[in-house]
Each structure stands twice: as structure tokens, then as C-alpha cells.
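Read in order, the letters of the sequence shown correspond to residues 221 to 362 in the working numbering.
Presented below is the structure to which this report refers.
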Amino acid sequence: MTATPTTPLSDSAPQLPSVGIFWGIPDGTSPIRMLVIDSTPLNAAEPYGAALTHPRGHYDVWEAWQAVGVAKLKRRGLPAAIAYSEYEQHPRGRIVYDTATQVFTIYADRRLQAPEFIQQIVTAFGITEAQFVVRSDSHYRS
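This is the structure:
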């Protein structure tokens, strides 16, 4: 399986509501974290009980990104830190969609739960017009 990395679209670009995985990776020497995502539009998401979810996991996506090397990561707009670190070193999370309640759940490391970072996530995954909740989960602690 090949992971297709995606990065957030600009505020003006339309984005279909999506589920997926994400990381907050330090941007160079700054404490500011860059949002890096791998997403699937809802109409292509995998059912998991009453939820729709992204078919790929953090480990598989990270390994695929590492395999392309630093030069290609940079050309794709992804941080070089991916090549030099393990996926669990950086705060991360996942978005799933509950088909029964029609609500997105953003599971995120607490370090990514600042309102301004949540807004970046919501925009990148195209869920600005949808209901969502933010939750912590033991899987997403770094």
C-alpha cells in the first residue's frame, strides 16, 4: 500500500470533508508546529462499526514518507524531521466520523488541542461546516 501524503490546503481552496491522521511537527528551530496530514474523503472512507475511518495508520504512512528521502519530502512540502525521527516522537491524532450522530471526532494529543491548532486541523480536513468534538486518547500521546 502506498501512502499519499497531503498537506493542508490554503484557506481559499475547497476541501471535501475527510477523515484521516495528522501530526504536529516542529517547524525548524521554532516551537511552532506544522500540521502534516494524510486524509481520505468521507465518500472513500472505510466503515468501522458505526464510524467511517481512514484506511492507513500512523506507522505505515510515516514509513512510506521516510522511504522517499529528505529531498522528496521537502519537494512535497513535508518537513525533513520526518526522515530523522520516529512517528511516535511527535504529537499526533486521528479524525473519525460517526455515521449515527453525524459528528466528527478529533482524537489528538493534548499538545495539539490549542484552539488555533484545532482550527488548522478542522480547515485542513474540510470539516469547518460540520459538527466535531475534540477528545484525548491514550493512543495519541507522545
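Don't be surprised by glycine CBs; every beta carbon is placed ideally from N, CA and C.
Environment of residue i [buried if 16+ CB atoms lie within 10 Å]
{"i": "arginine 276", "result": "buried"}
{"i": "arginine 295", "result": "exposed"}
{"i": "serine 259", "result": "buried"}
{"i": "glutamine 322", "result": "exposed"}
{"i": "leucine 298", "result": "buried"}
{"i": "serine 238", "result": "buried"}
{"i": "threonine 348", "result": "exposed"}
{"i": "aspartate 357", "result": "exposed"}
{"i": "alanine 291", "result": "exposed"}
{"i": "leucine 236", "result": "exposed"}
Bounding residues of the alpha helix (DSSP H) (the contiguous stretch that carries residue i)
{"i": "alanine 284", "result": "278-295"}
{"i": "phenylalanine 337", "result": "335-344"}
{"i": "isoleucine 366", "result": "Limits of the chain in this structure are 221 at one end and 362 at the other, which puts residue 366 out of reach."}
Proximity of residue i and residue j at Cβ, strictly below 8 Å
{"i": "isoleucine 315", "j": "leucine 255", "result": "no"}
{"i": "glycine 240", "j": "histidine 274", "result": "yes"}
{"i": "threonine 319", "j": "alanine 270", "result": "yes"}
{"i": "valine 353", "j": "alanine 328", "result": "no"}
Limits of the beta strand (DSSP E) - the one that residue i falls within
{"i": "tyrosine 327", "result": "323-328"}
{"i": "glutamate 266", "result": "266-268"}
{"i": "tyrosine 317", "result": "312-318"}
Whole-angstrom C-beta distance between residue j and residue i, which should lie under 8 Å
{"i": "tryptophan 285", "j": "leucine 293", "result": "6 Å"}
{"i": "proline 246", "j": "alanine 303", "result": "With a Cβ gap of about 14 Å, proline 246 and alanine 303 do not count as contacting."}
{"i": "glycine 244", "j": "phenylalanine 345", "result": "About 14 Å separates the two Cβ atoms, so there is no contact after all."}
{"i": "tryptophan 282", "j": "tyrosine 307", "result": "4 Å"}
Stretch-stretch touch, CB-based, cutoff 8 Å, three pairs: the stretch 261-271 with the stretch 304-312: With contact defined as three or more Cβ pairs closer than 8 Å, the stretch 261-271 and the stretch 304-312 are not in contact.
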